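Colleague:
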Amino acid sequence: MQIQRFKGVIVGDSAVGKTCLLLTQMYKCFPTDYVPRVFSTFLESRIIDGKRVDYTIWDTLAPHKDYDHLRPSSYPDTQVVIICFSLICASSFENVQTMWIPELNIYCPQAPRILVGTKLDLRDDDETISLLKDKQFAPISYSQGLEMMRDIGADSYIECSALTHKGVTEVFEETVRIAIATKFNAINGRKGRCTLI
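Each residue of the sequence shown is one higher than the one before, starting from 376 at the first, in my numbering.
(1) Could you spell out where the beta strand (DSSP E) holding Gln379 opens and where it closes?
(2) Hey, would you say Ala554 sits closer than 7 Å to Val491, going by beta carbons?
(3) Can you tell me where the alpha helix (DSSP H) holding Thr399 begins and where it ends?
(4) How far does the beta strand (DSSP E) with Gly492 in it reach, from first residue to last?
(5) Look at the Cβ atom of Tyr482, then the Cβ atom of Tyr450, and state whether they are nearer than 7 Å.
(6) Is the number of C-beta pairs between the region 523 to 535 and the region 467 to 474 that are closer than 8 Å three or more?
(7) Report the rounded CA-to-CA distance for Asp501 versus Ala537, giving the unit in angstroms.
(8) Do Leu521 and Leu495 have their C-beta atoms within less than 7 Å of each other?
(9) Going by Cα to Cα distance, which pick from Asp408, Met401, Arg427 and Val428 is closest to Thr416?
(10) Identify whether Lys510 lies in helix, strand or coil by the three-state DSSP scheme.
(11) Please name the residue in Lys440, Lys382 and Ile457 whose C-alpha comes closest to that of Glu545.
(12) Ends of the beta strand (DSSP E) at Ser420?
(13) For Ser531, does the count of other Cβ atoms within 10 angstroms reach 16, so buried, or fall short, so exposed?
(14) What does the Cβ neighbour count give for Lys393, buried or exposed, with the cut at 16 atoms within 10 Å?
(15) Can you name, in chain order, every residue of its own chain whose Cβ lies under 6 Å from the Cβ of Gln379, other than the five neighbours on each side?
(16) Beta carbon of Ile385, beta carbon of Asp434: below 7 Å?
(17) Would you give the residue range spanned by the alpha helix (DSSP H) that Asp526 belongs to?
(18) Assuming Leu396 contacts Val543 under a Cβ cut-off of 8 Å, what Cβ separation, rounded to an integer in Å, is found between them?
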């Protein structure tokens with residue numbers, strides 16, 4: 376069996392759940408203790424669509440004045456990018472377009488992108504909705520996520536909850552499929568990327 380290999384990075388604002396998403400996928404349980412690090416890499420091997428795939432996902436640094444100069448060192452040779460935002464944080468959603476896309480356009484413009492809305496379990500949580508309403512905010516809807524996907528030219532949009540595990544596996548299966556399809560198209564001289572929703 377031929378082995379496909381690729382490198383991905385996961386980006387997004389602080390506290391959107393990037394690391395929890397990765398740890399939940401790796402260990403099949405929601406992490407209760409986590410100490411942020413400068414960089415972490417996660418390696419997984421799995422069979423998807425009958426193909427063995429070994430992939431590494433780099434967990435990048437969230438925006439911080441002391442570390443912003445380090446984050447670009449995670450981008451070389453990136454073949455797919457997972458862009459995360461919290462479904463209950465409007466600023467993280469806005470930063471997809473105002474911060475993350477401009478940075479990705481500089482450091483890995485050819486890499487396909489997957490937009491991921493995290494903390495799905497809180498979008499319908501009454502207490503969370505009440506807290507957001509007090510601040511004159513509302514959770515990000517699925518249709519808003521789809522619109523953002525189109526606006527930024529992402530290849531896919533998925534919502535997930537690391538806490539409940541809903542959608543977590545789908546994020547990584549989609550990541551693998553898009554990376555493989557993009558690699559196949561590049562090898563065979565095809566233009567364009569897959570759009571799988």
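Beta carbons: idealized from backbone N, C-alpha and C, even for Gly.
Since we're looking at a predicted model, the values are computed, not measured.
Modeller: Once the coordinates are examined:
(1) As a first step, residue 379 must be located in the sequence shown, where it is residue number 4. Ile378 to Gly387 is the extent of the beta strand (DSSP E) around Gln379.
(2) Numbered from its first residue, the sequence shown carries residue 554 at position 179. Numbered from its first residue, the sequence shown carries residue 491 at position 116. Contact: no.
(3) On the sequence shown, residue 399 is found 24 positions in, with the first residue counted as 1. Residues Lys393 to Tyr402.
(4) Translated into positions along the sequence shown, residue 492 becomes position 117. Judged by DSSP secondary structure, Gly492 falls within the beta strand (DSSP E) whose first and last residues are Arg488 to Thr493.
(5) The residue you call residue 482 lines up with position 107 of the sequence shown. The residue you call residue 450 lines up with position 75 of the sequence shown. In contact: Tyr482 and Tyr450 (Cβ atoms closer than 7 Å).
(6) Yes, since at least three Cβ pairs between the region 523 to 535 and the region 467 to 474 fall closer than 8 Å, the two stretches touch.
(7) Along the sequence shown, read from residue 1 onward, the residue named residue 501 stands at position 126. Along the sequence shown, read from residue 1 onward, the residue named residue 537 stands at position 162. The alpha-carbon atoms of Asp501 and Ala537 are separated by roughly 19 Å.
(8) Looking up residue 521 in the sequence shown gives position 146. Looking up residue 495 in the sequence shown gives position 120. No, Cβ-Cβ distance for Leu521 and Leu495 is not below 7 Å.
(9) Taking the first residue of the sequence shown as position 1, residue 416 is located at position 41. Closest in C-alpha terms to Thr416, from the list Asp408, Met401, Arg427 and Val428, comes Met401.
(10) Position 135 of the sequence shown holds residue 510. Looking at Lys510 - three-state DSSP - the assignment turns out to be coil, as it is neither helix nor strand.
(11) Reading the sequence shown from its first residue, position 170 is the one you call residue 545. For the residues Lys440, Lys382 and Ile457, the minimum Cα distance to Glu545 belongs to Ile457.
(12) Position 45 of the sequence shown holds residue 420. Ser420: member of the beta strand (DSSP E) spanning Ser415 to Ile423, first to last residue.
(13) Reading the sequence shown from its first residue, position 156 is the one you call residue 531. The residue in question, Ser531, is buried, as its Cβ has 16 or more Cβ neighbours within 10 Å.
(14) Taking the sequence shown and counting its residues from 1, one reaches residue 393 at position 18. Classification for Lys393: buried.
(15) Within the sequence shown, the letter at position 4 stands for residue 379. Answer for Gln379: Lys426, Val428 and Ile555, listed in chain order.
(16) Within the sequence shown, the letter at position 10 stands for residue 385. Within the sequence shown, the letter at position 59 stands for residue 434. Cβ atoms of Ile385 and Asp434: closer than 7 Å.
(17) Here residue 526 is taken as the residue at index 151 of the sequence shown, counted from 1. Run containing Asp526: Tyr517 to Ile527, per the alpha helix (DSSP H) assignment.
(18) Here residue 396 is taken as the residue at index 21 of the sequence shown, counted from 1. Here residue 543 is taken as the residue at index 168 of the sequence shown, counted from 1. 6 Å between Cβ atoms; contact.
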